[in-house]
Structure formats: structure tokens, C-alpha cells
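Okay, structure first, notes after.
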Amino acid sequence: MCGICGIFDINGGPVDKAVIVRMNSALVHRGPDDEGYHIEGPVGLGHRRLSIIDLHAGSQPIYSEDRRMAIVFNGEIYNFKQIRDLLIRKGHVFRTATDTEVIVHAYEEWGADCLDRLRGMFAFAIWDRKEQTLFLARDRLGIKPLYYALDGGRFVFASETKAILASGCIPRELDYQALSDYLSLGYVPAPKSIFRQIRKLPPAHYCIRSRNSQKTTRYWDIDFTPDLDTGEAGFCRQLLEKLEEAVKIRLMSDVPLGAFLSGGVDSGMVVALMAKAMQEPVRTNTIGFSHEAYNEIVYARETSALFHTDQSEEIVTPDILDTVDKLARVYDEPFADSSSIPTYFVSRMARKRVTVALSGDGGDENFAGYRRYYFDLLENRVRNVVPGPVRQHLIGPLASVYPKADRLPQFLRAKTLLTNLSKDPVEGYFNSMSLVLPGMKSSLVSPDLDRMLDGYDSSLVFREHYDQCNAKDPLSRIQYIDFNTYLPEDILTKVDRASMAVSLEVRVPVLDHELVELAARIPPHFKIRGRTSKYIFKKTAEHLLPGQILNRKKMGFCLPVNEWLKTELRPLVHDTLLGSRCRQRGFFNPDVVEHMWRQHLTGEKNNFQPLWTLLGFELWAEKYL
């Protein structure tokens, strides 16, 4: 696992190595073991290496035989040996045993079509000195990040925005639409970044930059066409075979390897298959917290005992003020998923024993494990029987006056349900996913920011993906939205930045693209059956995991941040959100912010999500704007 960066001067001017060194230094956490550079006329490439495979001969950049091509690469290609054998038969000569060298030869042989052959997680750049082009590519699911920017005559790219900013080429100008998206979703969806001139290369895309042009192309997409011929037993058999294969190929490593282990189905299944494939005990890593409601250690112990793992545990009592401040710099865009805190701590703990860890991320997206999927199905059933005008003109007004009753029992908290039913499926799902609800956001943003947004509607991000999905059923369509937004920009960004901050590589077998393709073909009724989510995945796991693990209520990877806002974090929230710097930036209405804060402190209303979202932005702004 590594960090990459570079500059291409499209006017033909020379690149200053000192600038590339400065950019590369901003990525040292991603690759503390080695650094490398290629500086040649109008191009400069930088690389930071975390050594995983071929520890002594894998320094980058790596070149084709004639040195026409130079590559810097971040990630792992799990089928590189098979591709290497094919390329050798075609006459290519290799100098290392790395997957990096396989990519540069594959590009030399097949061009952009080489991406169809790569199975893994990756972001890389290849300089073609003959054609004077730069080729950038990112893996299908967006496991590894890649940013780029163009300012004047310089095309700049890097694994993280902090490296692009370190170049000094790109001004720190805010993208106001990206800020609006962040307030709604808690992350900035691709291709935007929080900076106006910096863009993300979206998952499953490549970009070719020449001196005269730039072209971005999508090379892969998820096909949700249902397989109606295969039954339950057939899908279970195929899933188990593909899961076993996905785990097994991710065990290649020349450094210590282990796994994250919670008490849930996804990580339990990964550990079970690791234990089956490995000769030695799996090194599992689990963190817990003093707050019992957030502590999964006792459940993780059950799985560890079942598979005789080498279990390591740690009860975390974080210095929350220091941690929140540190993570605001680690996530170099504003980021409002509070589970980044436990993700950082479990990564830090695991790094004491291993350099590579497997995780269970992706199971909920693949097999419809989130509760919101179940409720979205219910809402769409109502939409199918209640005419749109009735929902809009009767349920809509009712939703507007229905109280946001956080203190009432769950079954009486109907405001979100009523609001969603008054909207179409896209707007309803966007409302369910919003941290700052649309009505609240309109009063929260300042008049100046509102003018700069000029009527921009962040729900258009969801609508674009909803319309692009080839399926007609509502579950597949919102899964497709999540695969293009929430998964890469929240879940995978969270894990990448937290793990890379401590120089740990995390591999995600449940997001093997061949497994994702198989899961997408499984009809919705095999994913949600009655009130059971992830039905087909749990059926597949039945002979490996006991019922108490399969049927345990989902906890999530959470912390008592709601309570911390009123206690340990109270001075920080007050000083940050009500202080002079926030007012000077002028993005938010200070009276509305103060009212939200007082409501939360008195218990009148639980404003944890919008307050945490605002805090995330302001702490980020202190460091990056």
C-alpha cells in the first residue's frame, strides 16, 4: 500500500523535483518504507512505499523494458501472477516479482483494456514518454483514492488532496456545491472535492491527459439484471465459492497479515474463511469501549474461540478532543462519519502486530444489510398504492406539522416516514440519508452561501445514479446509488484514511469485483425476506457461523458521540461553532447554529447529526482553508 503523486506540465516546461519531494512528503504515512522519483522534462512522479510484496526489489517508479513507460502504483493486484505468466509468453521481460511491474507491461500490451484483467484495489499513473501522455486509473469500487487538478499549465495528481495542496499549484478555493453535498451527506461525492479546482477520479474510471486534451472514461459498471433461473441453493453455493476465492487470493503477503474482528456476520465470515485457508492461527484484532452499549468484544470472543484465532483486544478510552482534532487533518476533506474514530483506533491497534488486515466491509451494500433498505421497500409499496397527488397534498402537509419526537417510542417517530412518502423514491431516499435535512439546511446556510449555491439541489447526485441503474426494482436502484456514493466516499474513504494514517493496508474481500457482480445478479427477494436482511448471505454462512452470530442485532461501529457533545466535547463545540472564526467565514446562520446547540444541550431535540457535521467542517476549515 502506498501513496502516489505527480505533475505534468502540459506546456512542456520542466518540473521542479523539489516540488515533487514536497508533495511526496505529505504522503509519508501511506508509505514509510521507501520513496522514489521519476523526473523527466515536463513530468515528475513521486511514490511512497509500504512494502508488502517483494520487499527488496519493489521500489517505484518501475519501468517497461525500454523505459518508455514509467508507473507509480498504490494498491494490490491479486491475480498478477497469472497476468505475468501470460505476458512472459508474449515476450515481456520482468526484473521484479511485483504486481506493479505487471501493470506497466499489461498497459504496454493492451493499453486501457488492461484494466479489464486486473483483480484488486488500485490507483496508478503511467507516463508514456513517446506519446507524452499520462494515464490515470482507479479500481472498480473506489477502494483506493485518486485526486487530480489543473491550474494553468500544470496537471497535478495525488492519493490525497494534502499532497496536491503541498505542490503550491492549486488555490484553496471552496467548491460551494461540494459544501452543500457535505452538509447533506457527511462526505463529498465524486467527482467533486471540497476544493473547486481539485477533482476525484471516480471509481471504475480512467483518465488520459495529453498536452492538448483530457478524456475520462468509465470502464466498468454494476449490472443488476436479476438471474431468475438460479435458486436459493445455487446462489448459496456460488457465493461460498466466490467468497472463499476472494479471501484466499487476499492472503498473499511477505509481511504479517491478520483481520479486523467485530461480533458481526461480515467480519466473522471473513475470519472463518481465513481460518480455513491458513496454516497458522488468524491474527484477529478487536477494540472495545467502556460504554457497554458500544462494546462488541464479548461477541468477537465467541468468533475468535470458534476459529481458534490469535486474538488481541484493547479497551479504548480515547482522548476525544485530541482524536477529533487529529482526524480533521487525516481526512483532508470534511468528513462527518463518527465511526472514523473507532476505525482509526482498531487500525492503530492492529498495526502493532500486522501490516495487512482483512475487513468485512461491503457486506451491507452487497446484500442489503442496512435497515434503511427495508424501510425504503415499505415506502415504495405505499407509493405503489397511494396516488402521487394524495401523497404530495395530504401526506406532505401532515409531515410538515408532525413533531420530530426524539423522546417518543420508535413506532411513534413517523416524521421521516411521512416526509419520505410525500416525495418520489429518489428524494425519499436522499431524505433518509441526509444528516442535515433539506428544510434545516435551507435555514442553516447563510444568505451569502445561499446566493452562491444559486438553487443547487444536492439530491441531483442521487438522481443521476438512480436513473443510470439498469434495474427497475427499487432495492437494486438504491443499492446502485450507495455503490456510487456512500460506499466509496464514506465507508471506503473512512477505512483508507484511518488505516493509512498508521501505515496499515486493509483488504476488502467482500468487495471483490467478481463477488459484487454475482451479488448484483441475485434477485431482491433473496436479499430481504420478510424482516430479515442479508438473507442469502446469512444462509450461505449457516454452516460456518452459529445462530447467535447470524441473528444478532446489528450494532454498527459506533461511539457515544451524542453524549460527548454535551460533556467532553462541549467546550470545543461551543468555541468552534459559536466562535468568531466560524462567523467570519460566514457560511452558516449563527442564530440557527446557536438555537440548534441550545436545543441539543437542553434535550429538547437531538441535533447530534447536524452539529457533528458542522463541527467536522469547521475543524477541517481551520486546518485547510
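When the letters of the sequence shown are read in order and numbered with our numbering, they come out as residues 508 to 1132. All C-beta atoms, glycine included, are put in the ideal place defined by N, C-alpha and C.
{"Query": "Do Val550 and Leu648 have their C-beta atoms closer together than 8 Å?", "Result": "no"}
{"Query": "Could you check what DSSP says for Met785 in three-state terms: helix, strand or coil?", "Result": "coil"}
{"Query": "What's the gap between the Cα of Val600 and the Cα of Gly565?", "Result": "15 Å"}
{"Query": "Short of 6 Å in beta carbon distance, which residues of its chain neighbour Thr862, apart from the five on each side in sequence? Order them along the chain.", "Result": "Val762 and Pro763"}
{"Query": "State buried or exposed for Asp635, treating a residue as buried only when at least 16 other CB atoms are found within 10 Å of its CB.", "Result": "buried"}
{"Query": "Around the Cβ of Leu885, are there at least 16 other Cβ atoms within 10 angstroms (buried) or fewer (exposed)?", "Result": "exposed"}
{"Query": "Which residue marks the beginning of the alpha helix (DSSP H) containing Val1002, and which one marks its end?", "Result": "Leu999 to Met1007"}
{"Query": "Report the three-state DSSP secondary structure of Cys621 (helix, strand or coil).", "Result": "helix"}
{"Query": "Whole angstroms are fine: how far does the CA of Glu1125 sit from the CA of Ser953?", "Result": "15 Å"}
{"Query": "Using only the alpha-carbon positions, how far apart do Leu557 and His536 sit?", "Result": "9 Å"}
{"Query": "For Ile650, which three-state DSSP category applies?", "Result": "coil"}
{"Query": "Taking DSSP as the reference, what is the three-state secondary structure of Tyr713?", "Result": "strand"}
{"Query": "For Pro894, collect the residues of the same chain with a Cβ closer than 6 Å to its Cβ; drop the 5 residues on either side in sequence, then sort them by chain order.", "Result": "none"}
{"Query": "Measuring CB to CB, does Leu1118 end up less than 8 Å from His1107?", "Result": "yes"}
{"Query": "Please state the DSSP three-state secondary structure of Asp635.", "Result": "strand"}
{"Query": "Between the C-alpha atoms of Glu1021 and Ile729, what's the straight-line distance to the nearest angstrom?", "Result": "10 Å"}
{"Query": "Would you list the one or two residues that DSSP bridges to His554?", "Result": "Ile511 and Gly543"}
{"Query": "Please work out which residues of its chain come closer than 7 Å, Cβ to Cβ, to Arg661, disregarding the five sequence neighbours upstream and downstream, and give them in chain order.", "Result": "Ile514, Asp516 and Cys676"}
{"Query": "Within the 8 Å Cβ cut-off, does Val943 reach chain C?", "Result": "No chain C is present in this structure, which holds just one protein chain."}
{"Query": "Please name the residue in Leu758, Val772 and Asp658 whose C-alpha comes closest to that of Glu787.", "Result": "Leu758"}
{"Query": "Who are the Cβ neighbours of Arg679 in its own chain at under 8 Å, not counting the five residues just before and after it?", "Result": "Leu672, Phe702, Tyr1131 and Leu1132"}
{"Query": "Considering just the uninterrupted stretch of the beta strand (DSSP E) at Glu583, what are its terminal residues?", "Result": "Met576 to Ile584"}
{"Query": "Which runs of the beta strand (DSSP E) at least 3 residues long sit entirely within the segment 697 to 762? Give them in chain order.", "Result": "705 to 707, 712 to 716 and 721 to 725"}
{"Query": "Return the first residue and the last residue of the alpha helix (DSSP H) that Ala812 is part of.", "Result": "Ile804 to Phe814"}
{"Query": "Between Arg790 and Arg706, is the Cβ-Cβ spacing less than 8 Å?", "Result": "no"}
{"Query": "For a quick check, are the C-beta atoms of Leu750 and Leu780 less than 8 Å apart?", "Result": "yes"}
{"Query": "Between Val579 and Leu552, which are expected to be in contact by the criterion C-beta below 8 Å, what is the C-beta distance as a whole number of angstroms?", "Result": "5 Å"}
{"Query": "In this structure, does DSSP put Gly870 in helix, strand or coil?", "Result": "helix"}
{"Query": "Since Asp883 and Pro995 are thought to touch, with beta carbons under 8 Å apart, how far apart are those beta carbons, to the nearest angstrom?", "Result": "Not a contact, Cβ separation roughly 20 Å."}
{"Query": "Quick check: what's the CA-CA separation for Leu1018 versus Phe767?", "Result": "15 Å"}
{"Query": "Between which two residues does the beta strand (DSSP E) harbouring Arg645 extend?", "Result": "Thr640 to Arg645"}
{"Query": "Whose C-alpha, out of Thr816, Met1007, Gln899 and Val609, is nearest the C-alpha of Asp592?", "Result": "Val609"}
{"Query": "Find out if the Cβ-Cβ distance for the pair Ala1048, Val777 is shorter than 8 Å.", "Result": "no"}
{"Query": "Can you tell me whether DSSP reads Ala864 as helix, strand or coil?", "Result": "strand"}
{"Query": "What are the boundary residues of the alpha helix (DSSP H) that Ser950 is part of?", "Result": "Pro945 to Leu951"}
{"Query": "Using the C-alpha atoms, what's the distance from Trp617 back to Pro696?", "Result": "31 Å"}
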